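Novice: Quick one: the structure is below, questions incoming.
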Amino acid sequence: MPTIHLITPALAQANNGNWQTAYRWAKFLGDQFEVITTKQWDSRQHPARSRDMMIALHARRSASSITAFAKTGRPIVVVLTGTDLYRDIHVDAEAQHSLELADRLVVLHEQGVQDLPAHYRSKTRVIFQSARRLKPSGDATGRSKKKFFDLALVGHIRAEKDPMTALRTVQCLRVLPRSGSAKPIRL
């Protein structure tokens, strides 16, 4: 069975976005591949065989594993994180080198392709993240008995991800005219 060396900057104990992505991908791929999830590729511990490949989350933080694995001549896919797209690939030499070494780049939304330098776009694919469908709240008519329409901001909020976007959105929604049944918005 071929092996995918899945490199992630964070493992289960971190329980952050990188780990959640790695965990989901390992589950999806586990039926057809042996998936080894680790923070750093070690050729002595997990040597690359002829049918192996690497999927690395985060161009900058997985750069040393990407560089080492590239010497094997085996395929490398680099999944670009938000931090890569919004900051690192524009300013960090290691992240830029990872883009060069990758056989394929993956972004998690369509705009991510446009955020890349033009010469990388042809080797880039969009893979949309997914989540379980949630059960609708409310009674049989679909009306909720809650007093507010609650919004949740989920993620590792940092400047490059513009956390003020959610607040600006709520402010805009609050000034729009509401029907009598519309609930106040709470973030």
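Final position of the sequence shown in numbering that gives the first Met the number 0 is 186; the numbers increase by one with none missing. Cβ atoms here follow ideal geometry from the backbone N, Cα and C, with glycine treated the same way. Note that the structure is predicted; figures quoted are calculated from it, not measured.
Using 10 angstroms around the beta-carbon of Phe68, count the other beta-carbons present and answer buried if the total reaches 16, otherwise exposed.
Specialist: For the purposes of this step, residue 68 is taken as the residue at position 69 of the sequence shown. Label assigned to Phe68: buried.
Novice: Looking at C-alpha atoms only, which residue of Ala58, Thr66, Thr20, Lys38 is the closest neighbour of Ala130?
Specialist: Here the question's residue 130 lines up with position 131 in the sequence shown. With distances taken between Cα atoms, Ala130 lies closest to Thr20.
Novice: So what's Ala58 in DSSP terms, helix, strand or just coil?
Specialist: For the purposes of this step, residue 58 is taken as residue 59 along the sequence shown, with counting starting at 1. The answer is coil: DSSP assigns Ala58 none of H, G, I, E or B.
Novice: When the Cα atoms are used, what is the spatial distance from Val112 to Thr123?
Specialist: Here residue 112 refers to the residue found at position 113 of the sequence shown. Here residue 123 refers to the residue found at position 124 of the sequence shown. Going from the Cα of Val112 to the Cα of Thr123 covers about 7 angstroms.
Novice: What would DSSP say about Thr37, mapped onto helix, strand or coil?
Specialist: Sequence index remark: in the sequence shown, residue 37 carries index 38 (1-based). Note: Thr37 maps to strand in three-state DSSP.
Novice: If you follow the alpha helix (DSSP H) that Leu172 is part of, which residue opens it and which one closes it?
Specialist: Translated into the one-based positions of the sequence shown, residue 172 becomes position 173. Here the alpha helix (DSSP H) through Leu172 covers 163-174.
Novice: Less than 8 angstroms between the CB atoms is what I'm expecting for Leu104 and Tyr119, so what's the real figure, rounded?
Specialist: Along the sequence shown, one-based indexing puts residue 104 at 105. Along the sequence shown, one-based indexing puts residue 119 at 120. Right, their Cβ atoms sit about 6 angstroms apart.
Novice: Near Glu33, which residues of its chain fall below 6 angstroms by C-beta distance, leaving aside the five closest residues on each side in sequence?
Specialist: The count along the sequence shown starts at 1 and reaches residue 33 at position 34. Same-chain partners within the cutoff: Met0, Thr2.
Novice: Do Val78 and Leu100 have their beta-carbon atoms positioned less than 9 angstroms apart in this structure?
Specialist: Here the question's residue 100 lines up with position 101 in the sequence shown. Here the question's residue 78 lines up with position 79 in the sequence shown. The answer is no: Cβ separation not under 9 angstroms.
Novice: The alpha helix (DSSP H) with Thr20 in it runs from where to where?
Specialist: As a working note, residue 20 is residue 21 in the sequence shown. Start and end: 16-28.
Novice: So Thr80 and Asn17 are in contact, right, with Cβ under 8 angstroms, and what is the actual spacing, rounded?
Specialist: Taking the first residue of the sequence shown as position 1, residue 80 is located at position 81. Taking the first residue of the sequence shown as position 1, residue 17 is located at position 18. The pair is a contact, with the Cβ atoms about 7 angstroms apart (cut-off 8 angstroms).
Novice: Going by alpha carbons, who is nearest to Ile65 out of Lys26, Ser121, His89, Ile6?
Specialist: Taking the first residue of the sequence shown as position 1, residue 65 is located at position 66. Closest option to Ile65, Cα to Cα, is Ile6.
Novice: Counting only the same chain and skipping the five closest in sequence on each side, list residues whose C-beta sits under 8 angstroms from that of Phe127.
Specialist: Translated into positions along the sequence shown, residue 127 becomes position 128. Counting only Cβ-Cβ distances below 8 angstroms, and skipping sequence neighbours, we find Leu107, His108.
Novice: Where does Leu104 fall in DSSP's three states?
Specialist: Working through the sequence shown from its first residue, we reach residue 104 at position 105. Strand, per DSSP.
Novice: Just how far apart, CA to CA, sit His96 and Asp83?
Specialist: By one-based count along the sequence shown, residue 96 stands at place 97. By one-based count along the sequence shown, residue 83 stands at place 84. So the alpha carbons of these two residues sit roughly 12 angstroms apart.
Novice: For the alpha helix (DSSP H) holding Val112, just list the boundary residues, first then last.
Specialist: Looking up residue 112 in the sequence shown gives position 113. Its alpha helix (DSSP H) spans residues 109-113.
Novice: So, are the CB atoms of Ala94 and Ala58 less than 9 angstroms apart?
Specialist: What you label residue 94 is simply residue 95 of the sequence shown in a count that begins at 1. What you label residue 58 is simply residue 59 of the sequence shown in a count that begins at 1. Contact: yes.
Novice: Helix or strand or just coil, what does DSSP make of Thr2?
Specialist: Position 3 of the sequence shown, counting from 1, holds the residue named residue 2. Strand at Thr2.
Novice: To the nearest whole angstrom, what separates the beta carbons of Lys160 and Gly154, a pair I think is in contact under 8 angstroms?
Specialist: Here residue 160 refers to the residue found at position 161 of the sequence shown. Here residue 154 refers to the residue found at position 155 of the sequence shown. About 7 angstroms separates the two Cβ atoms, so the contact holds.
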